[in-house]
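Peer 1: Protein sequences appear in the order of chains P and Z.
Residue numbering for the first sequence follows my numbering, starting at 1 and increasing by one per position.
Residue numbering for the second sequence follows my numbering, starting at 1001 and increasing by one per position.
Note that beta-carbon positions come from the ideal geometry of N, C-alpha and C, so glycine has one too.
Below you'll find the structure I mean.
Protein chains: 2
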Amino acid sequence: MAVASVEGLEGLTIGRLADDLGLSKSGLLGHFGSKQGLQLAVVEAAAEVFRREVVAPASGNAPGLPRLRAQCEAWISYLERAAFPGGCLLTAAAVEFDDRDGPVREAVLAQQDAWLAELRSQGERAARSGDLPAGADPEQLAFDLLGVMLALNQRLRLHRDPEAPRRARRAVDRLLGAREPA
Amino acid sequence: MAVASVEGLEGLTIGRLADDLGLSKSGLLGHFGSKQGLQLAVVEAAAEVFRREVVAPASGNAPGLPRLRAQCEAWISYLERAAFPGGCLLTAAAVEFDDRDGPVREAVLAQQDAWLAELRSQGERAARSGDLPAGADPEQLAFDLLGVMLALNQRLRLHRDPEAPRRARRAVDRLLGAREPA
DNA sequence: ATAGCGTCCGAACGATCGGTCGCTAAACTC
DNA sequence: GAGTTTAGCGACCGATCGTTCGGACGCTAT
C-alpha cells in the first residue's frame, strides 16, 4: 500500500516489492498469483483501512446528521493524517483506473459507490429529521462532499497547502449547516 | 496527449508512441530528448488546450462575476466533452505526480496555481462589486470550485454518471448565487 | 560546391518488466 | 512416521523499458 500510494497501482512492481519485502519474485507471486491479483489485494486492503479509519470511528454517532458530520470530520482527518505516504490510495487508484476496464476498476468503483451510498443514506436520514438546510438533496450533498474531499486531497498533496483542512471544514460546515455554537 | 490521458504520463511509452506515430523510437526521441522531455511537452500541450477550451472562451465576458460564471460553464463543458479520450489530462497528471519531485510535478503545479489564481482574482473582483453572496471569501470560493470540478471529473470518468454535469452546474449556481431568472 | 542543420533510421545497450518452471524444506494431517 | 500441503527459492523466459550511437537523407545558406 505504501509503495502503491506513491507510485500508483501500475507503478507497483513485482520485483521492487519483492526486494522491499526480502522475498524473491516467485515467492511473492505465490501469494497473489499475478500482478492483477496483487493490485486487487492492495485495493481491498486500502478499503479495509478506509473503513477502519473513517467509517468505523463515526459509526458510534447517532444516524443522520450527527453521524454524517462525524464521517466528514473523520474523512478530513484521514486525508490530513495521510494514512499512506502518498495520500489516499483509493483516490489515486480511482484516477489511475477510471479509463481502464477490468476487475481493478470494478473493485475501486464498488468501494467508491458503497461509500457514496452511505453518505447519501445518512443525508436522507438527516433530511427526514429536518436537520438539513431546507431543500437539501442527499444525492447532491454526496456529490458536493465528494468534491470537498477531492479538493482537500489535491491541495494537500499537490499544492502542499496547510490551510486546506481549514477550507475543507468550512465547506463541510456550509453544506451541513453551521455547527451549533458551543 | 490522447495516450497519456488514458495510460498516464508514466504509462506513455516511447516505443508505443513511436509505433502509433509511424516513427522509430530514436526518431521520436530526437524531438524530446528524453522521456521526461516528452512528459513536459505533453503537459505544456495539455495546458495549451485547457487555455484554448476554457480560459479563452470565457475571456470575452466582463471581469468579475460574469466572467467567473462563464469560466465555470466552460470548465464544466470541457470536462463533459472530454477533450481527451481519458478525460482531463492535467487532473490525471496532478494525481499521478503529486508525490513525486521533479520538473513534471513543477509544471503541473504551475498550471494549477495559475488557473486557481485566475479564479480567485475574478472572485475578488466580483466580491468588490458586491456580486457575490455576502461574506464570500475568494480563496474559499476557488477551493470550492476546484472541488466541484474534481467531483464532476470523477463522477464522469469513474462512475460514468450522466447526471454529473447537472449536479456540477447546481453546485456552481449555489456557490456563485443562483442564476437570474430568465 | 560545400558546410551545416534538422529529421529520421536501424541496431544495439543494460535493465527491468510480468510470469513460469522445477525444486527444497518446513509445517501440518492422518 | 508417511503423505500432503504450503511457502519460498533460483533460474530462466520473451518482451519491453529508456537511451545511445553512427549514419543517411534532404534542405538551406554560404
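Could you check what DSSP says for GLU1163(Z) in three-state terms: helix, strand or coil?
Peer 2: By one-based count along the second sequence, residue 1163(Z) stands at place 163. DSSP places GLU1163(Z) in coil when its eight states are reduced to three.
Peer 1: Return the chain-ordered list of same chain residues with a C-beta closer than 6 Å to the C-beta of LEU1012(Z), the five sequence neighbours on each side being excluded.
Peer 2: Along the second sequence, read from residue 1 onward, the residue named residue 1012(Z) stands at position 12. Counting only Cβ-Cβ distances below 6 Å, and skipping sequence neighbours, we find VAL1003 and ALA1004.
Peer 1: Short of 6 Å in beta carbon distance, which residues of its chain neighbour GLU943(Z), apart from the five on each side in sequence? Order them along the chain.
Peer 2: Coverage of chain Z is limited to positions 1001 through 1182, which leaves residue 943(Z) absent and any answer about it impossible.
Peer 1: Taking ASN153(P) as part of the alpha helix (DSSP H), name the residues at either end of that continuous run.
Peer 2: Your numbering for residue 153(P) matches position 153 in the first sequence. Residues 138 to 157.
Peer 1: What does VAL1006(Z) reach in chain P if we use C-beta pairs closer than 9 Å?
Peer 2: Within the second sequence, numbered from 1, the residue matching residue 1006(Z) stands at position 6. The contacting residues are ASP99 and ARG100.
Peer 1: Considering Cα atoms alone, identify which of TRP115(P), LEU28(P) and ARG174(P) is closest to ALA136(P).
Peer 2: In the first sequence, the residue the question calls residue 136(P) occupies position 136. Ranking the options by Cα distance to ALA136(P), first place goes to ARG174(P).
Peer 1: Are any of the Cβ atoms in chain Z nearer than 8 Å to that of GLU73(P)?
Peer 2: As a working note, residue 73(P) is residue 73 in the first sequence. Not one chain Z Cβ lies under 8 Å of GLU73(P).
Peer 1: State yes or no: is the beta carbon of VAL104(P) nearer than 8 Å to at least one beta carbon in chain Z?
Peer 2: The residue you call residue 104(P) lines up with position 104 of the first sequence. Not one chain Z Cβ lies under 8 Å of VAL104(P).
Peer 1: Looking only at its chain, what residues have a beta carbon closer than 6 Å to the beta carbon of SER77(P), apart from the 5 residues adjacent to it on each side?
Peer 2: As a position in the first sequence, residue 77(P) is number 77, starting the count at 1. Excluding sequence neighbours, SER77(P) sits near nothing in its chain.
Peer 1: Note down, in chain order, each residue of its chain lying with its Cβ closer than 7 Å to the Cβ of ALA1041(Z), except the 5 sequence neighbours on either side.
Peer 2: Position 41 of the second sequence, counting from 1, holds the residue named residue 1041(Z). Closer than 7 Å at the Cβ level, and outside the excluded window around ALA1041(Z), lie PHE1032.
Peer 1: By how many angstroms is the C-alpha of PRO162(P) removed from the C-alpha of SER1026(Z)?
Peer 2: In the second sequence, the residue the question calls residue 1026(Z) occupies position 26. In the first sequence, the residue the question calls residue 162(P) occupies position 162. Computed Cα separation, rounded: 44 Å.
Peer 1: Here's the rule I'm using: 16 or more other beta-carbon atoms within 10 Å means buried, otherwise exposed. How should GLN36(P) be labelled?
Peer 2: Here residue 36(P) is taken as the residue at index 36 of the first sequence, counted from 1. Label assigned to GLN36(P): exposed.
Peer 1: Would you kindly report the start and end of the unbroken alpha helix (DSSP H) that includes ASP20(P)?
Peer 2: Counted from its first residue, the first sequence places residue 20(P) at position 20. Where ASP20(P) is concerned, the enclosing alpha helix (DSSP H) stretches over 14 to 21.
Peer 1: Let me see if you follow: with CB-CB separation under 8 Å, is LEU1146(Z) close to chain P or not?
Peer 2: For the purposes of this step, residue 1146(Z) is identified with residue 146 of the second sequence, where counting begins at 1. It does; some Cβ of chain P falls within 8 Å.
Peer 1: When you compare only the Cα positions, how much space is there between GLN1122(Z) and SER1059(Z)?
Peer 2: The residue labelled residue 1122(Z) in the question sits at position 122 within the second sequence. The residue labelled residue 1059(Z) in the question sits at position 59 within the second sequence. Answer to the nearest angstrom: the Cα atoms are 11 Å apart.
Peer 1: Which residues of chain Z have a Cβ atom closer than 9 Å to the Cβ of GLU10(P), listed in chain order?
Peer 2: Numbered from 1 along the first sequence, position 10 holds the residue referred to as residue 10(P). Ordered by position in chain Z, the residues that pass the 9 Å Cβ test against GLU10(P) are GLU1007, GLY1008, GLU1010 and GLY1011.
Peer 1: CB ALA1092(Z) to CB GLY1147(Z), shorter than 8 Å?
Peer 2: As a first step, residue 1092(Z) is located in the second sequence; it is residue number 92 there, counting from the start. As a first step, residue 1147(Z) is located in the second sequence; it is residue number 147 there, counting from the start. In this structure, GLY1147(Z) does not lie closer than 8 Å to ALA1092(Z) by Cβ.
Peer 1: Just by C-beta distance, which residues in the region 32 to 63 of chain P are closer than 7 Å to chain Z?
Peer 2: Of all residues in the region 32 to 63 of chain P, none has a Cβ within less than 7 Å of some Cβ in chain Z.
Peer 1: Using a Cβ cut-off of 8 Å (strictly closer), state whether GLY1030(Z) contacts chain P.
Peer 2: Here the question's residue 1030(Z) lines up with position 30 in the second sequence. No - not a single Cβ of chain P is within 8 Å of the one on GLY1030(Z).
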